[in-house]
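In this note's numbering, the protein residues as written are 10 to 103.
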């Protein structure tokens, strides 16, 4: 069975991708800062798994990488979340 690791899976595109993959029988591991918040965005599904990842702390469970065939990174600052100040532009580009 294919397993996909998704960072940023709770955003608009991430939710759509996650639901599409699950409907195709793909095992999905969502990286999230808050499992409880992420679970509010998805129905229970036997192929959906959550893993904690805090980019600010730069730590992640390294064993996840040996379990997946594909990694999708959708994490980052949302481009429509806030006004585009100079500070926000810098945050988005980093």
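Note that beta-carbon positions come from the ideal geometry of N, C-alpha and C, so glycine has one too.
>> I need the straight-line Cα distance from residue 18 to residue 70, nearest angstrom please.
In response: Just so you know, the alpha carbons of residue 18 and residue 70 end up roughly 17 Å apart.
> In whole angstroms, what is the alpha-carbon distance linking residue 24 and residue 99?
Replying inline: Cα to Cα, the separation comes out at about 25 Å.
> Is the beta carbon of residue 44 less than 8 Å from the beta carbon of residue 77?
Replying inline: At least 8 Å separates the beta-carbon of residue 44 from that of residue 77.
> Can you tell me whether residue 22 is buried or exposed, with buried defined as 16 or more other CB within 10 angstroms of its CB?
Replying inline: Residue burial is scored here from C-beta neighbours: residue 22 has fewer than 16 other C-beta atoms within 10 angstroms and is therefore classed as exposed.
> Are residue 57 and residue 40 closer than 8 Å when you measure CB to CB?
Replying inline: Not in contact: residue 57 and residue 40 (Cβ atoms no closer than 8 Å).
> Under the DSSP definition of a beta bridge, which residues are partnered with residue 60?
Replying inline: Partner(s): 40.
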